[in-house]
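> 22 is the number of the first residue of the sequence shown in this note's numbering; add one for each residue after it.
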Amino acid sequence: MSSCSQIRPLSDHMLAHQQLLELFEQHQCALISLEIERACELLADFTRHLRMHRDGEEEFVLPVYGALDLKLEGGPVEFFQSEHEKLGWWLGEMRGEVNELLEEGRGRGLEPRDVLPLLDRQATFKHLLDHHDKREANILYPAMDRELNAKQVGAIWLQLDGHEAAVRASWS
Ligand SMILES: [Fe+2]
Ligand SMILES: [Fe+2]
22 MSSCSQIRPL SDHMLAHQQL LELFEQHQCA LISLEIERAC ELLADFTRHL
72 RMHRDGEEEF VLPVYGALDL KLEGGPVEFF QSEHEKLGWW LGEMRGEVNE
122 LLEEGRGRGL EPRDVLPLLD RQATFKHLLD HHDKREANIL YPAMDRELNA
172 KQVGAIWLQL DGHEAAVRAS WS
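1) For ligand 1, is there a heavy atom less than 8 Å away from the beta-carbon of M35?
2) So the alpha helix (DSSP H) P163 belongs to, where does it begin and stop?
3) For H152, count neighbouring C-beta atoms within 10 Å of its own C-beta (all shown protein chains included) and say buried if the count is 16 or more, exposed if not.
4) Count Cβ pairs between the region 28 to 35 and the region 165 to 185 that sit closer than 8 Å; are there 3 or more?
5) Measuring straight from C-alpha to C-alpha, what distance separates R156 and G96?
6) So, using beta-carbon positions, are M165 and R142 closer together than 9 Å?
7) Buried or exposed: which applies to I53, given that a residue is buried once 16 or more other Cβ atoms fall within 10 Å of its Cβ?
8) In whole angstroms, what separates the C-alpha of P138 from that of R75?
9) Do L108 and F146 have their C-beta atoms within less than 9 Å of each other?
10) For G128, which residues of its own chain have a beta-carbon under 8 Å away from its beta-carbon, when the five flanking residues on both sides are left out?
11) Please classify S54: does DSSP put it in a helix, a strand, or coil?
12) Using a threshold of 8 Å, is the CB atom of D154 nearer than that to any non-hydrogen atom of ligand 1?
Structural data, given as C-alpha cells:
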C-alpha cells in the first residue's frame, strides 16, 4: 500500500489540466475578439503544453498503470491511449482551421460570424478533453496513488519532472 501522505501524490500531475483549460480559454477569447494572429499563438502555446503533459503520461504513467492490470471498469490503458491520439488529431485540425481563418482575414476583414463555425467545432474538442480529464481524475490517478508505494511514485515524479524540464528547455 502507498504511503503517499508523505509525498506528492501522482494525482497532482492533473494540476496541469486546469492550466491547459485556461490557455484554451485565452485562445478562444482571442478568437471572439477577432485577434486571429494572437489566437494562433495561443493555440500553439496550448498545443505544446498539452503535448508535454500527454507525452509525460504516455511515457511514464500509462506503462506503469497498464502493468498493474487492474481491470477497472472504464479503465483499460488503451482507452487513455486512444483519447490521447484523438486529442492529438484535434490539435492538428484546429491549427489548420485557425490558419485558414488567418488567411481569410488577410483577404478581407473578418466579422464575428466568421469565427462561429470554428467555435462550434472546438466545442467537440472541449467535450473530449473534459471526458478525458474525468477518466483520469476518477480512474487513472486514484488507482496509481492507491496501488503504488512512495518509492514508486517518487520514481515516476523524477521522470515526469525531468521530462518537463527537458521539454521546457527545448522551447527557449
Ligand atoms: Fe492528464
Ligand atoms: Fe491524459
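No residue lacks a Cβ here, since even glycine has one placed at the ideal position from N, Cα and C.
Taking the structure as given:
1) yes
2) 162 to 168
3) exposed
4) yes
5) 8 Å
6) no
7) exposed
8) 27 Å
9) yes
10) none
11) coil
12) yes
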